[in-house]
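Below is one structure, written out as structure tokens; comments come after it.
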Amino acid sequence: MNRRQTIPQHLRYTINDFNRQFPDDAACLEHLMQQRFPGNVTYCDKCQQEHKHYRINARPVYSCDHCGTQISPMAGTIFEHSSTSLRLWYYAMYLMASTRCGISAKQIQRETGVTYKTAWRMFRQVRSLLSEPDMQLEGSAVEMDETYYGGTSKGHRGRPMRGDKQKSPVVGVMERSTKRRVGRVRAIATKDVTADTLLGIVHEHILPSSTVFTDEFVSYDRLGARVNEHKRINHSAKVYVMGDVHTNTIEGFWSLLKRGIGGVYHSVSQKYLQTYLDEYSFRYNRRDQGNLIFTSLLKRVAELAAPPAVRDRGMSPA
Ligand SMILES: [Zn+2]
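Read in order, the letters of the sequence shown are residues 9 to 326 in this note's numbering.
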């Protein structure tokens, strides 16, 4: 059975929907303008106040309806300084958002007809939209666990043995789903798995009022002092679930991640590990949105764009 067909009607967004919504560059530009400056109203640097802007034909810019000063909705976004058409960018984003487990730069090249160099650049830029480093979990029940990439030694649960410098640790925190919302994950490539590193992640991403579930790994020993409650499962005694005490949710995410990375990317260099983690987490955290992940991606373009008026006055964006 085609799993796609299990996506409910209101969460479907097909290639036909894409072609209808974005038939050409002008439609993409207008969409970008509306996302960034609703109603086409934005600050005019010359007038020093907000004004409506209207499209100048033949150029990808909008002009202040009071003084005529032009702004580009692409300025400050991932599309700035690119000679690739905006519609191809949108199409690449559609492709990257529409598959269950991500596509490669090579696939973007094949589907869009751009050079590999351009496809790779688009791939990197679109992926940069998927990073959510400041995300804080809001659920009251949070699982925390680590996993490892690379290396050769096989310590308990893949943990590195003494002197194994090849392993790249990844630490994950995952809120359990509730009736109201799906649980989200944040996965972080770390330099080590010391108590300080793990507690730093707890501090950044987990509310102090949470109950946190981990296994018996010694680096979690001091965690109880930072959160409402710390419950541990004793994996080394081959116990995996005791009532609500388990880390099965985050471990399910680790298997998904490893299958995905193995299947699509074959191997991951340490340098890019975080970007892969971000891509998988972004998708996972929106798994109840069907194909509308594309819409989330379009929103991220505007969210991460530097405001043009601030940039042009030579101030650094916040
Ligand atoms: Zn003006």
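Glycine included, C-beta positions come from ideal geometry on N, C-alpha and C.
Look at the beta carbons and you see the stretch 176-192 touching the stretch 142-153: at least three pairs across the two are nearer than 8 Å. Within its own chain, the residues whose Cβ lies closer than 8 Å to the Cβ of Leu207, once the five positions on either side in sequence are excluded, are Arg230, Leu231, Arg234, listed in chain order.
Exclusion of Gly47 from the 8 Å shell around ligand 1 follows from its C-beta lying no nearer than that to any non-hydrogen atom of the ligand. Under the 10 Å beta carbon count, Tyr62 is surrounded by fewer than 16 other beta carbons and is classified as exposed.
Around the beta carbon of Cys52, 16 or more other beta carbons sit within 10 angstroms, so the residue counts as buried.
Put simply, the backbone Cα of Phe261 is about 43 Å away from that of Ile79. In the DSSP assignment, Arg95 falls outside any beta strand (DSSP E) and lies within the alpha helix (DSSP H) extending over 94-106. Where Arg63 is concerned, the enclosing beta strand (DSSP E) starts and stops at 57-63. At least one heavy atom of ligand 1 sits closer than 8 Å to the Cβ of Lys54.
Between Ala203 and Pro177, the C-beta gap is not smaller than 9 Å, which leaves the two residues out of contact. In the three-state scheme derived from DSSP, where H, G and I count as helix and E and B as strand, Arg132 is classed as helix. A straight-line Cα-Cα distance of about 15 Å links Leu96 and Pro68. When Cβ pairs closer than 8 Å are counted between the two stretches, the stretch 282-294 is seen to touch the stretch 131-142, the count reaching three or more. Residue nearest to Met182 within the set Tyr98, Arg291, Asp153 is Asp153 (criterion: CA-CA distance). Around the beta carbon of His213, a 10 Å sphere encloses 16 or more other beta carbons of the protein chains shown; the residue is thus reported as buried. Ligand 1 has no heavy atom closer than 8 Å to the beta-carbon of Cys36.
When the beta-carbon positions are compared, Ile258 and Tyr248 stay at least 9 Å from each other.
Distance from the C-beta of Gly121 to the nearest heavy atom of ligand 1 is not below 8 Å.
For His213, the distance from the CB to the nearest heavy atom of ligand 1 is not below 8 Å.
Fewer than three Cβ pairs drawn from the stretch 294-311 and the stretch 117-125 lie within less than 8 Å of each other, which leaves the two stretches out of contact.
In chain order, Arg234, Val235, Asn236 place their CB closer than 8 Å to the CB of Pro216, counting only its own chain and leaving out the 5 sequence neighbours on each side. In terms of side-chain proximity, the C-beta atom of His74 is found nearer than 8 Å to a non-hydrogen atom of ligand 1.
With fewer than 16 other Cβ atoms from the protein chains shown falling within 10 Å of its own Cβ, Gly76 counts as exposed. DSSP, reduced to helix, strand and coil, places Ala83 outside both helices and strands of the structure shown, so it counts as coil. Counting of Cβ neighbours within 10 angstroms places Ser218 among the buried residues, the total reaching 16 or more.
Ser148 carries a coil assignment under DSSP once its states are collapsed to helix, strand and coil.
If you draw a 10 Å sphere on the C-beta of His211, you find fewer than 16 other C-beta atoms in it, and that means exposed. Assigned with DSSP and collapsed to three states, Pro46 falls in helix. For Thr77, the shortest C-beta to heavy atom distance toward ligand 1 is below 8 Å. Shown here for Ala100: same chain residues with a beta carbon closer than 7 Å to its own, the five before and five after excluded, namely Ile116, Thr120, Met130, Val134 in chain order. Checking the 8 Å criterion, the Cβ of His59 is within range of a heavy atom belonging to ligand 1.
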